[in-house]
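Structure record follows, encoded as structure tokens.
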Amino acid sequence: MRIKDRVAIITGGGSGIGRGTCLRLAEEGGRIAVFDLDFESASETASTVQKAGGDAFACKVDVSRSSDVEQGVNEVLSRFGKVDILVNNAGMSLTLSIAKTTEELWDRLHDVNVKGIFLCCHAVLPHMRKQRYGKIVNIASIVGNSGTPGMVHYGATKAGVIGFTRGLATEVGPFNITVNAVGPGIINTPMLDHEAGASTVQMLEQKVPLRRIGEPRDIANAVLFFSSDDSAYVTGQCLFVCGG
Ligand SMILES: NC(=O)c1ccc[n+]([C@@H]2O[C@H](COP(=O)([O-])OP(=O)(O)OC[C@H]3O[C@@H](n4cnc5c(N)ncnc54)[C@H](O)[C@@H]3O)[C@@H](O)[C@H]2O)c1
């Protein structure tokens, strides 16, 4: 088991990539705190982990609210006694031209996708520093690295995630804390269903060198690498997991 008894917080763990990551990290011995805005879906993930013999609990957390994040981290500390791994996965996306993007939408997207990562890191870092061990994995996107029409706002948040990852890695490296990012391509999750119809997905598949869209487990495997000691000497990197 690659992360036996390591305590992991996974934000947005109620669905898609977050749920896949909870299950994968639990398979490798991680004890899982499922943070999500949607408590019901977080609870479903936690009970799936438990049914498979793992250890998990659900926590209702809006990552854009510091009071929620602090409460959630305190609950993890009181249940599990430590935090070793933080996977900042919670995120939202929408397809809208710049002309139709309102200030409110711009702010909400940045509050969840970027500020949420800052708040979660801010809450766990004092504990990771004290134990001189920590693994932070941020979920970015290929859209943070390439221009996509209708996703200017989203791309700006994900480029922010990559910049945040590189900067934080330099600050916390001396405490034996690594900070890396995974940049998914097109992944089969409810977020994708919401954004693209079947014909669009088929068209997108033809553009992927491996000729398929990804599954949550494809991303979870990369998150597991950055969450385990297999990546002990890797920090400040963004690995694009996008079928080429
Ligand atoms: N699916 C893709 O193709 C794709 C591609 C690139 C990047 N990503 C990124 O991967 C991550 C997960 O995406 P997904 O496709 O699994 O999406 P999803 O919509 O299936 O799941 C997102 C989860 O995050 C939760 N969430 C949303 N806002 C939250 C908040 N403020 N606080 C706490 N939880 C919140 C939702 O309730 C949901 O459970 C996101 O950061 C997304 O930007 C996805």
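Note that my numbering numbers the sequence shown so that position 193 is 193, with each residue one more than the last.
Backbone N, C-alpha and C fix where the C-beta goes; we use that ideal spot for every residue, glycine too.
Environment of residue i [buried if 16+ CB atoms lie within 10 Å]
i             : result
proline 126   : exposed
tyrosine 154  : buried
valine 87     : buried
threonine 170 : exposed
arginine 79   : exposed
threonine 21  : buried
arginine 6    : buried
alanine 198   : exposed
aspartate 230 : exposed
asparagine 74 : exposed
threonine 45  : buried
methionine 1  : exposed
alanine 52    : exposed
Start and end residues, alpha helix (DSSP H) containing residue i
i           : result
glycine 134 : No alpha helix (DSSP H) contains glycine 134, which is instead part of the beta strand (DSSP E) from 134–139.
leucine 168 : 152–172
leucine 210 : Taken as a continuous stretch (DSSP letters only), leucine 210 belongs to no alpha helix (DSSP H), as it is neither H nor E.
valine 124  : 116–131
Start-to-end residues for the beta strand (DSSP E) that takes in residue i
i              : result
asparagine 180 : 177–184
valine 223     : Segment 216–227 is the alpha helix (DSSP H) holding valine 223; no beta strand (DSSP E) there.
alanine 198    : Where alanine 198 is concerned, there is no enclosing beta strand (DSSP E), although the alpha helix (DSSP H) it sits in stretches over 198–207.
Counterpart residues of residue i in DSSP-defined beta bridges
i              : result
leucine 239    : Val182
alanine 8      : Ile32, Ile85
isoleucine 3   : Partner(s): none; isoleucine 3 has no beta bridge.
isoleucine 187 : Gly214
aspartate 55   : Arg31
Entirely enclosed beta strand (DSSP E) segments - the region 57–107, minimum 3 residues:
85–88
Secondary structure, beta strand (DSSP E): runs of 3+ residues fully inside the region 17–45
31–36
Between the region 195–215 and the region 35–44, do at least 3 Cβ pairs fall closer than 8 Å?
no
Would you call the region 52–60 and the region 96–113 touching, i.e. three or more CB-CB distances under 8 Å?
no
I want to know whether the region 107–126 touches the region 59–71 - three or more CB-CB distances under 8 Å.
yes
Inter-stretch contact (C-beta, 8 Å, three-pair minimum) for the region 184–191 and the region 158–165:
no
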